[in-house]
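Written below as structure tokens is the structure these notes are about.
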Amino acid sequence: MSIEVRKVTKRFGSFTALDDVSLEIPDGSLTAVLGPSGSGKSTLLRIVAGLERPDAGEVLLSGEDATRLAPQRRNVGFVFQHYAAFKHMTVRDNVAFALTIRKRPKEEIRERVDELLELVQLAAFADRYPSRLSGGQRQRMALARALAAKPRVLLLDEPFGALDARVRAELRDWLRRLHEEVHVTTVFVTHDQEEAMEVADRVAVFDHGRLEQVGAPAELYDSPASEFVLRFVGDAVHLGPRLVRPHEIVLRRWPSDGAVEVEIERIAVLGADARIDLAEGGGERLTARVRREELEDLELACGEIVWASASARDAEADQALR
Amino acid sequence: MSVPRRLGLRAVALGYLFVILLAPLAMVFYRTFQDGLAPVWQTLSDPDTIHAFEVTLIATAIAVPLNTVFGVLCGLAIVRRRFRGKGLLNAFIDLPLAVSPVVIGLCLYLLYAPRGGWFGSWLSEHGFQVLFALPAIVLATIFVSVPFVAREVIPTLRELGNEQEQAAATLGAARWQRFWRITLPSIRWAVVYGVVLTTARCLGEYGAVAVVSGRIEGSTETATTRVEDLTLTFDTTGAYAVSLVLATIAVLVLVAMTVIRPREENA
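Here the protein sequences line up with chains C and W, keeping their order. For what it's worth, my numbering labels the leading residue of the first sequence as 1, then goes sequentially. For what it's worth, my numbering labels the leading residue of the second sequence as 323, then goes sequentially.
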């Protein structure tokens with residue numbers, strides 16, 4: 001099911017959480033809503049779910065106006081950062097909740113719940129209470145619960161934010177695979193650009209309640225629409241007056257047009273790449289990433305003076321930004 | 323902490339409890355059975371005593387459900403809603419704890435006096451007698467036991483947050499389904515605890531009831547006022563016997579609370 005957000009504005013007191021935001025999410029896509037905290041990304045998700053009412057604008061689900069629809073009538077699955085597990089219910093009852101509410105036959109509920117518990121690998125924990133599950137298990141339970149009534153949309157609000165790094169990576173892969181299997185339109189909110197780029201096929205970048213850019217991960221990285229996107233998606237460093245990606249820095253032993261004179265402070269070899277810490281004449285530091293072969297060809301060493309410039313493609317992109 | 327100091331602290335705590343709580347209870351127990359079982363039975367089977375207990379139980383049976391529903395609704399309103407006068411409501415809930423029951427009784431007296439009372443004049447014109455009758459006893463009991471359920475429920479609701487209810491909403495639960503299936507089960511031990519405290523308070527109420535009930539033997543006497551009347555008529559054994567029944571109920575309430583507490587921690 002497609003989601004369309006039209007000119008939505010939401011204020012909390014004097015704080016503008018969303019400022020005239022329009023965004024279309026195509027049917028079956030896996031979209032990440034990316035931004036720093038306070039950028040309005042969670043508010044957008046909560047408005048789509050009906051947990052918040054926008055002050056202005058509309059929300060369309062499958063092309064129908066859902067702006068005033070109560071959350072229980074939207075048939076969306078929602079996963080909270082802190083799981084929102086029903087603590088007084090077993091894992092089985094948690095997952096069955098949406099079906100119990102809909103008064104489905106007992107047999108059907110049991111079958112569906114078994115199937116979902118299998119899917120999230122919690123079949124062995126069906127009779128436990130959430131307090132006896134780990135964070136990762138609780139979040140998988142919450143996912144199964146959200147999927148139980150076959151929602152038209154799956155919305156995840158920083159779903160992996162409260163988990164440790166290893167579990168987070170596991171669940172990311174798992175979400176990706178789940179989406180390939182189930183194919184429900186999925187939107188997840190994150191402040192982690194790596195997570196967004198890795199999992200999603202489309203990324204919408206937010207800042208200060210505004211939609212900065214939306215597109216495929218590679219698109220955002222290669223042609224950022226604003227300096228904010230450039231900084232937020234992938235690394236960016238200042239080279240002289242310009243902002244460039246570390247891997248776009250080219251080092252030469254002789255000066256050229258627009259090149260900046262730098263001193264090599266440190267070289268760290270990281271597998272196929274090397275990270276080179278540089279200092280400009282004025283004392284500003286920056287980091288470049290170069291291929292190992294390049295490093296060896298140039299025979300660079302600490303303390304040497306070289307000239308750094310950005311690769312040509314980036315110079316064009318940089319012009320486009322201005 | 324050193325061993326002697328720890329033992330010293332324990333001795334002080336237990337000694338205090340003994341002098342303040344246990345000694346009087348033990349005394350009541352001893353005095354009641356001092357002359358054997360017969361006088362005790364005589365008092366407890368006296369129709370006026372039985373009636374006094376009935377009045378107390380009726381007042382409790384009306385006040386507890388009312389204040390439970392009111393307490394839960396009040397808790398929900400104070401924690402979840404924003405409205406004008408919320409601070410005032412929050413403060414007023416504690417009023418019965420802050421004001422002496424005798425003063426509460428006096429207020430009810432003035433309000434319901436058949437002559438000159440704000441409500442009393444109108445009610446007596448229409449043939450209702452509130453003062454010196456069961457309605458006044460019930461009103462006084464309700465008044466003094468208002469805060470307990472709300473005071474137990476409010477912190478639990480705060481801690482609970484509303485995420486679980488929002489999750490239930492996205493899963494298709496309407497407002498009343500969210501209340502019965504999520505909110506109420508989540509705060510159930512706080513409600514039970516509040517009900518236990520409310521019941522104890524209702525059974526033991528004396529001050530306000532003493533003022534408004536009229537204390538007519540076999541009619542508007544409650545268990546607590548009965549104790550005083552028996553004392554005044556030098557039937558000390560009878561007074562002790564009624565006290566003992568009230569104390570026993572209080573002990574049962576205490577036991578109920580200790581049974582509930584560990585379950586709450588496991589939940």
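Quick reminder that beta carbons are idealized off the backbone N, C-alpha and C, glycines included. Fair warning: this is a prediction, and the values are worked out from it, not measured in the lab.
For residue 504 of chain W, a Cβ of chain C is located within less than 8 Å of the residue's own Cβ. Going by beta carbons, residue 113 of chain C and residue 124 of chain C fall outside the 8 Å limit. Residue 206 of chain C is outside the set of residues whose beta carbon lies under 8 Å from a beta carbon in chain W. When W/577, W/469, W/332, W/356 are compared, the shortest CA-CA separation from residue 386 of chain W is found for W/469. Close to chain W, meaning a Cβ-Cβ distance shorter than 9 Å, are the following residues of the segment 139-158 of chain C: 142, 145, 146, 148, 149, 151, 155.
Annotation note: the segment 323-380 of chain W contains the following uninterrupted alpha helix (DSSP H) runs of length 4 or greater, listed N- to C-terminal: 325-339, 345-354, 360-366. Residue 489 of chain W belongs to the set of residues whose beta carbon lies under 8 Å from a beta carbon in chain C. Within chain W, the residues whose beta carbon sits less than 7 Å from that of residue 72 of chain C are 491, 494, 495, 496, listed in sequence order. Per DSSP, the unbroken beta strand (DSSP E) holding residue 252 of chain C starts and ends at 249-252. Residue 308 of chain C sits close to residue 260 of chain C, with the two beta carbons spaced by under 8 Å. Interface criterion met: the Cβ of residue 507 of chain W is under 8 Å from a Cβ in chain C.
In this structure the segment 504-522 of chain W lies against the segment 81-91 of chain C, because at least three pairs of beta carbons, one per stretch, are closer than 8 Å. Residue pairing from DSSP places residue 65 of chain C in a beta bridge opposite C/60.
Within the same chain, and ignoring the five residues on either side of residue 324 of chain W in sequence, no residue has its Cβ closer than 7 Å to its Cβ. When the five nearest sequence neighbours on each side are left out, the beta carbons in the same chain lying within less than 7 Å of the beta carbon of residue 258 of chain C are those of 309, in order along the chain. Excluding sequence positions up to five before and after residue 490 of chain W, its CB lies within less than 8 Å of the CB of 499, 500, 503, 504, all in the same chain and listed in chain order. Within chain C, the residues placing a beta-carbon under 8 Å from that of residue 485 of chain W are 80, 82, 84, ordered along the chain.
In summary, residue 368 of chain W is buried, with 16 or more beta-carbon neighbours lying within 10 Å of its beta-carbon over all protein chains present. Within chain W, no C-beta atom comes less than 8 Å from the C-beta of residue 44 of chain C; the nearest is roughly 15 Å away.
Taking 8 Å as the cut-off, the beta carbon of residue 157 of chain C is found closer than this to the beta carbon of residue 80 of chain C.
What residue 214 of chain C touches in chain W, judged by beta-carbon distance under 7 Å, is nothing: the nearest beta carbon there is about 24 Å away.
Rounded to whole angstroms, the Cβ separation of residue 10 of chain C and residue 43 of chain C is 6 Å, and the two are in contact under 8 Å. Not a single C-beta of chain W is nearer than 8 Å to the C-beta of residue 7 of chain C. Closest in alpha carbon position to residue 465 of chain W, among W/553, W/389, W/570, is W/389. Judged by pairs of C-beta atoms under 8 Å, the segment 469-482 of chain W does not touch the segment 556-566 of chain W, as fewer than three such pairs exist. The Cβ atoms of residue 397 of chain W and residue 472 of chain W lie closer than 8 Å to each other.
Under the Cβ criterion (8 Å, minimum of three pairs), the segment 174-187 of chain C does not count as touching the segment 91-106 of chain C. It is roughly 11 Å from the alpha-carbon of residue 278 of chain C to the alpha-carbon of residue 246 of chain C.
Residue environment analysis places residue 71 of chain C among the buried positions, since at least 16 neighbouring C-beta atoms fall within 10 angstroms of its C-beta. Contact annotation: in the segment 93-127 of chain C, residues whose CB is within less than 7 Å of a CB in chain W are 97, 98, 101, 102. Of the candidates C/61, C/152, C/252, the residue whose Cα lies closest to the Cα of residue 296 of chain C is C/252. Close to chain W, meaning a Cβ-Cβ distance shorter than 8 Å, are the following residues of the segment 51-62 of chain C: 51. Residue range 469-482 is occupied by the alpha helix (DSSP H) that includes residue 472 of chain W. Residue 140 of chain C is a Cβ neighbour of residue 121 of chain C, given a cutoff of 8 Å.
Residue 182 of chain C does not reach chain W, its nearest Cβ partner there being about 17 Å away, counting only Cβ pairs nearer than 9 Å. Annotation for residue 209 of chain C: 16, 17, 18, 19, 40 place their beta carbon closer than 6 Å to its own, counting only its chain and skipping 5 residues before and after.
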